[in-house]
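Protein chains in written order, with the working numbering: chain A, 61 to 758; chain B, 12 to 113. Backbone N, C-alpha and C define an ideal beta-carbon position, used for all residues, glycine too. What you are looking at is a predicted structure, and each value in this text was computed from that prediction instead of being measured. Below is one structure, written out as structure tokens, with a few remarks after it.
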């Protein structure tokens, strides 16, 4: 197995979904069964990406495989020097793992959709869009440079727009598509600015070259401050795509799309792209940038978790839960828990996709009923959906034996260790609080949906378990949420192959004095090179992490169990009346139910502000610009009138005068031209007489 | 009284003036032709007179003979033209033959 073989596979993996997209879109109306081609293409891509991961981990465990070609040769540009833009592929552990995760979830979503979308009028087009989406996501994962990543980033934006607004006959769906697209643009603007700063500094978009330059000490504008700014600007892209505070508002609205789309976009791929981006540029983040990222992450973990507590739409609870979990990952990256963040990205992709598909199965069975207040008791009717949903809920709550436990505790001990080294105790506090709330709202959802008595008997009677095409993905995803895929020891991921072999410790390129103290390279660690493999940043950090592990596990388990028990007492056993609690904390409840009034706030400020600004600009256009144009028109008109007059009177007068003059002269001489021979003779004689007098002197 | 050159010239001048008068005033084309004959004969008198009083030999007489021949030829041609004019315009009044003006 050679490098070029893996590169070829990665190129095929990248372009297969595009092929599926084009074929399905073009033949969709002629061949009704063409969607099978798309599903088959995805399956082929899944197999190939698995081969890619296997080949990478087995034969090139310690190397990065890069393949690039020159795309644009701009030659010698003044000021910058020679500029060439390269495109290419990068296969390292992260991209190989990520592409497999993307393909697993994407393929299962395709499979699930066969049944879920049956009877839709744009059935084949739906699959085509899914293909386009998978293509763009693969591009983000496999690229080796910022430019290509940005291009695919925007492609993900457009395909998510198409998918969220898929049922565009519904106003709310098309609005949600627009909202997602526009809110994402705001973040992308920051990302564009960030990558342009990098480009004008280093004349390249390639990650490797940029990192190399920064490692050598060449910083943007020669200052660490600008490196921080660049890091934060690039992170803005992640704020948009990963729905982080304050741009998280698009994701819950995006639930208007078909449910499998929610599973694909909002669990495993699109929102993961933001986290993936931060993972990619993690090496160039300064301490200040990391603090900003951690703070944004903590806010995004906390606020949506409180909102999810009171939502009644099954998909909205999951949506806010997604934002909250993404906030977890971002916070983990911010506090330097790099491996745990990526680990959580992978595990979360599976169980959240399972939850979304499970909710899709429920919604399908209930004939598009999404309000959990009208559900209940579905456990008996839909055993497979219930079992998988419950398993995923356990995983997201972080109960042992699941993958969620491993990654979540990793993040929590990461924040714990970070706090103990730097004194920012707010992060672990938020982390544990969110863990409690996550357990509570997930089990509230499970109990209200599946337990108890049916609250809408009519719909309950019609409910039925989903068929194979929908049940199979649920089972696969929930099994992937178990611990043994990642580590043999259910209590600690350290021993597992995922940690020790698959994800490498991050390499930090930022200058030493721009890092956290614990990230500075240890003299001792470098000398013991054999040990270095296990040390993430420095001896002190690893020790702190080690110390933080058990307290974090115990505390988070206690909180998770508290949350679950609370959910059971409130909704299953009804010991505490949820209604009374609601009454007592009415303002808080309303605040949470109305999503902290973010939409209203944005409407009042940004939307109204934009409208006001547009009005102002329109006024300026109408009054000032139009005034200037009209004024110049008036002036031109006046000038034209004047020149017209001048033309008419002076120029025409001269011409006419000449004409009159010649006419007059003509009239005068006409007299002589009588045509009478005798007159001529008289004239001749007169002339001769005159000539005689004239020449008399000769 | 001796007849001198001046007398001859006065006669020929009278004759010439009469010819011009005839050409200018007469409306009939034939009368105009006759005016031309008068002018030619006035020049003949001049030729003869200068030949007699000047030192030119017989050149004057010879030219006079030429002029007489020329006058005959001219009369023949001009009468033919007048005849054609009459055929075209049914008229020999020179005032009314003014096609050239147009």
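When you compare the CB positions of residue 250 of chain A and residue 293 of chain A, do they come within less than 7 Å of one another, or not?
Here residue 250 of chain A refers to the residue found at position 190 of the first chain. Here residue 293 of chain A refers to the residue found at position 233 of the first chain. Yes. Within cutoff.
Per DSSP, which one or two residues make a beta bridge with residue 137 of chain A?
Numbered from 1 along the first chain, position 77 holds the residue referred to as residue 137 of chain A. Residue 137 of chain A is bridged to A:141.
Take the Cβ of residue 70 of chain B as the centre, count every other Cβ of all protein chains shown within 10 Å, and call the residue buried at 16 or more, exposed below.
Along the second chain, read from residue 1 onward, the residue named residue 70 of chain B stands at position 59. Residue 70 of chain B should be labelled exposed.
In this structure, what does DSSP give as the bridge partners for residue 125 of chain A?
Residue numbering aside, residue 125 of chain A sits at position 65 when the first chain is read from its first letter. Beta-bridge pairing links residue 125 of chain A to A:151.
In whole angstroms, what separates the C-alpha of residue 591 of chain A from that of residue 480 of chain A?
Within the first chain, the letter at position 531 stands for residue 591 of chain A. Within the first chain, the letter at position 420 stands for residue 480 of chain A. Bear in mind that the predicted position of residue 591 of chain A carries a pLDDT of just 45, short of 50, making it too unreliable to give a figure here.
For residue 106 of chain B, the three-state DSSP class (helix, strand or coil)
Mapped onto the second chain, residue 106 of chain B falls at position 95. Three-state result, residue 106 of chain B: coil.
Does the beta-carbon of residue 311 of chain A have 16 or more other beta-carbons within 10 angstroms, so that it is buried, or is it exposed?
Translated into the one-based positions of the first chain, residue 311 of chain A becomes position 251. When all chains shown are included, residue 311 of chain A counts as buried.
Under the three-state DSSP convention, the category residue 36 of chain B falls into:
Mapped onto the second chain, residue 36 of chain B falls at position 25. Helix at residue 36 of chain B.
Span of the alpha helix (DSSP H) holding residue 443 of chain A?
Position 383 of the first chain holds residue 443 of chain A. Looking at the DSSP string, the run of the alpha helix (DSSP H) that includes residue 443 of chain A is 443-457.
Is residue 200 of chain A near residue 206 of chain A, with beta carbons less than 7 Å apart?
Stepping through the first chain from its first residue, residue 200 of chain A is reached at position 140. Stepping through the first chain from its first residue, residue 206 of chain A is reached at position 146. No.
Contacts of residue 31 of chain B in chain A (Cβ-Cβ under 7 Å)
As a first step, residue 31 of chain B is located in the second chain; it is residue number 20 there, counting from the start. Ordered by position in chain A, the residues that pass the 7 Å Cβ test against residue 31 of chain B are 745.
Would you decide whether residue 316 of chain A is buried or exposed? Buried here means 16 or more other CB atoms lie within 10 Å of its CB.
By 1-based counting over the first chain, the position of residue 316 of chain A is 256. Classification of residue 316 of chain A: buried, given that the 10 Å Cβ count is 16 or more.
Rounded to whole angstroms, what is the Cα-Cα separation between residue 225 of chain A and residue 281 of chain A?
Start at 1 with the first residue of the first chain, and residue 225 of chain A comes out as number 165. Start at 1 with the first residue of the first chain, and residue 281 of chain A comes out as number 221. The alpha-carbon atoms of residue 225 of chain A and residue 281 of chain A are separated by roughly 42 Å.
Any C-beta of chain B sitting closer than 7 Å to the C-beta of residue 709 of chain A?
The count along the first chain starts at 1 and reaches residue 709 of chain A at position 649. Not closer than 7 Å to any Cβ of chain B, the Cβ of residue 709 of chain A fails to qualify, so no.
Contact belief for residue 265 of chain A with residue 255 of chain A at Cβ below 8 Å, rounded distance in angstroms
For the purposes of this step, residue 265 of chain A is taken as residue 205 along the first chain, with counting starting at 1. For the purposes of this step, residue 255 of chain A is taken as residue 195 along the first chain, with counting starting at 1. 7 Å between Cβ atoms; contact.
Would you say residue 22 of chain B faces chain A, with C-beta separation under 7 Å as the test?
Position 11 of the second chain, counted from the first residue, corresponds to residue 22 of chain B. It does not: the Cβ of residue 22 of chain B has no partner Cβ on chain A nearer than 7 Å.
Look up residue 130 of chain A in the DSSP assignment and give the residues it is bridged to.
In the first chain, the residue the question calls residue 130 of chain A occupies position 70. For residue 130 of chain A, which the question treats as bridged, DSSP gives the partners A:146.
Local Cβ density within 10 Å of residue 153 of chain A, reported as buried at 16 or more and exposed below that:
Translated into the one-based positions of the first chain, residue 153 of chain A becomes position 93. Counting Cβ neighbours within 10 Å, residue 153 of chain A comes out buried, since at least 16 surround it.
Where does residue 175 of chain A sit, in a helix, a strand or coil, going by DSSP?
Position 115 of the first chain holds residue 175 of chain A. Looking at residue 175 of chain A - three-state DSSP - the assignment turns out to be helix.
Going by DSSP in three states, residue 322 of chain A sits in which element: helix, strand or coil?
In the first chain, counting from the first residue as 1, residue 322 of chain A sits at position 262. Residue state, collapsed to three classes: helix.
Around the Cβ of residue 125 of chain A, are there at least 16 other Cβ atoms within 10 angstroms (buried) or fewer (exposed)?
Your numbering for residue 125 of chain A matches position 65 in the first chain. Buried, because 16 or more other Cβ atoms sit within 10 Å of the Cβ of residue 125 of chain A.
Completely contained alpha helix (DSSP H) runs for the region 343-392 of chain A, where each covers 4 or more residues
347-368
Residues of chain A with CB closer than 9 Å to the CB of residue 105 of chain B, please, in chain order.
Start at 1 with the first residue of the second chain, and residue 105 of chain B comes out as number 94. Correct list: 736, 737 and 738.
How should residue 665 of chain A be labelled, buried or exposed, when 16 other C-beta atoms within 10 angstroms of its C-beta is the threshold for buried?
As a working mapping, residue 665 of chain A is identified with position 605 in the first chain. Flag for residue 665 of chain A reads exposed.
Taking all protein chains shown into account, do 16 or more other C-beta atoms lie within 10 angstroms of the C-beta of residue 587 of chain A, making it buried, or fewer, making it exposed?
Locating residue 587 of chain A in the first chain gives position 527, where the first residue counts as 1. A caution first: residue 587 of chain A carries a pLDDT of 46, below 50, which makes its placement in the model unreliable, though a value can still be read off. Exposed, since its Cβ has fewer than 16 Cβ neighbours within 10 Å.
In this structure, does DSSP put residue 541 of chain A in helix, strand or coil?
Along the first chain, one-based indexing puts residue 541 of chain A at 481. If DSSP states are grouped into helix, strand and coil, residue 541 of chain A belongs with coil.
Measure the alpha-carbon distance for residue 502 of chain A versus residue 373 of chain A and round it to whole angstroms.
What you label residue 502 of chain A is simply residue 442 of the first chain in a count that begins at 1. What you label residue 373 of chain A is simply residue 313 of the first chain in a count that begins at 1. Answer to the nearest angstrom: the Cα atoms are 13 Å apart.
Kindly indicate which three-state DSSP category residue 516 of chain A falls into: helix, strand or coil?
In the first chain, residue 516 of chain A corresponds to position 456, counting from 1. DSSP places residue 516 of chain A in coil when its eight states are reduced to three.
What runs of the alpha helix (DSSP H), each 4 residues or longer, lie entirely inside the region 584-658 of chain A?
599-627, 638-644 and 646-653
Of all Cβ atoms in chain B, is any one closer than 7 Å to the Cβ of residue 741 of chain A?
Taking the first residue of the first chain as position 1, residue 741 of chain A is located at position 681. Answer yes: the Cβ-Cβ gap between residue 741 of chain A and chain B drops below 7 Å somewhere.
Which residues in the same chain have their Cβ closer than 6 Å to the Cβ of residue 589 of chain A, if we skip the five residues on either side of it in sequence?
Here residue 589 of chain A refers to the residue found at position 529 of the first chain. With a pLDDT of only 46 at residue 589 of chain A, under the threshold of 50, the placement of this residue in the model should not be trusted; the figure read from the coordinates follows. Excluding sequence neighbours, residue 589 of chain A sits near nothing in its chain.
Residues in the region 81-101 of chain B having any Cβ partner in chain A nearer than 8 Å
none
Check whether the Cβ atoms of residue 305 of chain A and residue 360 of chain A lie closer than 7 Å to each other.
In the first chain, counting from the first residue as 1, residue 305 of chain A sits at position 245. In the first chain, counting from the first residue as 1, residue 360 of chain A sits at position 300. It is a contact, given that the beta carbons lie within the stated cut-off.
Proximity to residue 446 of chain A [Cα-Cα], best of A:469, A:691 and A:422
Within the first chain, the letter at position 386 stands for residue 446 of chain A. Comparing Cα-Cα distances from residue 446 of chain A to each of A:469, A:691 and A:422, the minimum goes to A:422.
Rounded to whole angstroms, what is the Cα-Cα separation between residue 617 of chain A and residue 449 of chain A?
Here residue 617 of chain A is taken as the residue at index 557 of the first chain, counted from 1. Here residue 449 of chain A is taken as the residue at index 389 of the first chain, counted from 1. Rounded to the nearest angstrom, the two C-alpha atoms are 20 Å apart.
Taking DSSP as the reference, what is the three-state secondary structure of residue 180 of chain A?
The sequence position of residue 180 of chain A within the first chain is 120, counting from 1. Residue 180 of chain A falls in the coil class under three-state DSSP.
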